[in-house]
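**Q** Before I ask anything, here is the structure I am working with.
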Amino acid sequence: MIKYDDNGKIIVPRFNEESGFYTTKKRSKIMSKIRGKNTKPEMLLRRALWKNGLRYRVNNKKLPGTPDVSITKYKLAIFVDGEYWHGYDWDVRRDKIKTNREFWIPKIERNMQKDTEVNKKLSELDFTVFRFWESEIKNDLQKCVNDILQYISVYPYLI
Numbered sequence: 074m075i076k077y078d079d080n081g082k083i084i085v086p087r088f089n090e091e092s093g094f095y096t097t098k099k100r101s102k103i104m105s106k107i108r109g110k111n112t113k114p115e116m117l118l119r120r121a122l123w124k125n126g127l128r129y130r131v132n133n134k135k136l137p138g139t140p141d142v143s144i145t146k147y148k149l150a151i152f153v154d155g156e157y158w159h160g161y162d163w164d165v166r167r168d169k170i171k172t173n174r175e176f177w178i179p180k181i182e183r184n185m186q187k188d189t190e191v192n193k194k195l196s197e198l199d200f201t202v203f204r205f206w207e208s209e210i211k212n213d214l215q216k217c218v219n220d221i222l223q224y225i226s227v228y229p230y231l232i
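Going by the working numbering, the residue at position 53 of the sequence shown is 126; the numbering climbs one at a time, nothing skipped.
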């Protein structure tokens, strides 16, 4: 059962033993290895953009949502979203979560809600948002880079 606050935001329960979530040292060690910055797909995309002559900022805290890559000259914000954390194919994957469902389902749905809020805030600042799934970058990096280059090539005409 998902709960909402007064502003319509999903409330994510705390992941602690008091809430009925039991952690082990092994699980804790596994979770500590998960990175939010400089992931392999992110690094692949950044190297490819650099190789194509694009200069950018990484994790620009001045922009809403701290985009993984931002090019302010072109008002472009790029995010590399992990399939699990951002709800790729959520209607199918949601049912496959077996453990700690009361934590993970609201957690992932709140992440999806935040993504929508960030997209809206960036759009209000006249930024274009690109969101790529990790698998898109791993499987077809060139298409992702081409999408960005295509946007940049027509940027003066978008103003």
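We put the CB at the ideal spot given by N, CA and C, even for glycine.
Under three-state DSSP, which class holds residue 152?
**A** Taking the sequence shown and counting its residues from 1, one reaches residue 152 at position 79. Here residue 152 sits in strand by DSSP.
**Q** Counting only the same chain and skipping the five closest in sequence on each side, list residues whose C-beta sits under 6 angstroms from that of residue 228.
**A** Here residue 228 is taken as the residue at index 155 of the sequence shown, counted from 1. Contacts found: 147.
**Q** Would you please state the rounded distance, in angstroms, between the beta carbons of residue 188 and residue 159? I believe it to be under 8 angstroms.
**A** Along the sequence shown, read from residue 1 onward, the residue named residue 188 stands at position 115. Along the sequence shown, read from residue 1 onward, the residue named residue 159 stands at position 86. Contact holds; Cβ gap of about 6 angstroms.
**Q** Once the 5 residues before and after residue 133 are set aside, which same chain residues still bring their CB inside 7 angstroms of it?
**A** Stepping through the sequence shown from its first residue, residue 133 is reached at position 60. For residue 133, where only same-chain residues beyond five positions count, the Cβ hits under 7 angstroms are 139, 140 and 143.
**Q** Give the C-beta separation of residue 118 and residue 153 to the nearest angstrom, bearing in mind that I take them to be a contact with Cβ-Cβ under 8 angstroms.
**A** As a working mapping, residue 118 is identified with position 45 in the sequence shown. As a working mapping, residue 153 is identified with position 80 in the sequence shown. Confirmed, Cβ separation roughly 6 angstroms.
**Q** Give me, in chain order, the residues of the same chain whose beta-carbon lies closer than 8 angstroms to that of residue 216; leave out the 5 immediate sequence neighbours on both sides.
**A** Translated into the one-based positions of the sequence shown, residue 216 becomes position 143. For residue 216, where only same-chain residues beyond five positions count, the Cβ hits under 8 angstroms are 209.
**Q** Considering residue 218, what are the terminal residues of the alpha helix (DSSP H) in which it resides?
**A** On the sequence shown, residue 218 is found 145 positions in, with the first residue counted as 1. Element bounds for residue 218: 214 to 226.
**Q** Could you give the uninterrupted runs of the alpha helix (DSSP H) lying entirely in the segment 145 to 213, keeping only those of 4 residues or more?
**A** Qualifying alpha helix (DSSP H) stretches, in chain order: 156 to 159, 163 to 166, 174 to 197 and 207 to 212.
**Q** Taking the DSSP output, what are the residues bridged to residue 76?
**A** The count along the sequence shown starts at 1 and reaches residue 76 at position 3. Partner(s): 84.
**Q** Please return the same chain residues whose Cβ sits closer than 6 angstroms to the Cβ of residue 260, not counting the five positions on each side in sequence.
**A** Because the chain spans 74 through 232 in this model, residue 260 falls outside it and cannot be assessed.
**Q** Near residue 122, which residues of its chain fall below 8 angstroms by C-beta distance, leaving aside the five closest residues on each side in sequence?
**A** Along the sequence shown, read from residue 1 onward, the residue named residue 122 stands at position 49. The answer, listed in chain order, is 129, 142, 218 and 221.
**Q** Taking 8 angstroms as the cut-off, decide whether the C-beta atoms of residue 201 and residue 149 are in contact.
**A** In the sequence shown, residue 201 corresponds to position 128, counting from 1. In the sequence shown, residue 149 corresponds to position 76, counting from 1. Result yes, Cβ atoms of residue 201 and residue 149 sit closer than 8 angstroms.
**Q** Please check the pair residue 107 and residue 183, which I expect to be a contact at CB under 8 angstroms, by giving their CB distance rounded to whole angstroms.
**A** In the sequence shown, the residue the question calls residue 107 occupies position 34. In the sequence shown, the residue the question calls residue 183 occupies position 110. For residue 107 against residue 183, the beta-carbon gap comes to about 17 angstroms, at or over 8 angstroms, which does not count as contact.
**Q** When burial is assigned at 16 or more other CB atoms within 10 Å of the CB, is residue 72 buried or exposed?
**A** Outside the shown range of the chain, which is 74 to 232, sits residue 72, and nothing can be said about it.
**Q** Beta carbon of residue 178, beta carbon of residue 167: below 8 angstroms?
**A** Within the sequence shown, residue 178 is the residue found at index 105, counting from 1. Within the sequence shown, residue 167 is the residue found at index 94, counting from 1. The answer is yes: Cβ separation under 8 angstroms.
**Q** DSSP puts residue 105 in a beta bridge; with which residues?
**A** Within the sequence shown, the letter at position 32 stands for residue 105. Residue 105 is not bridged to any residue.
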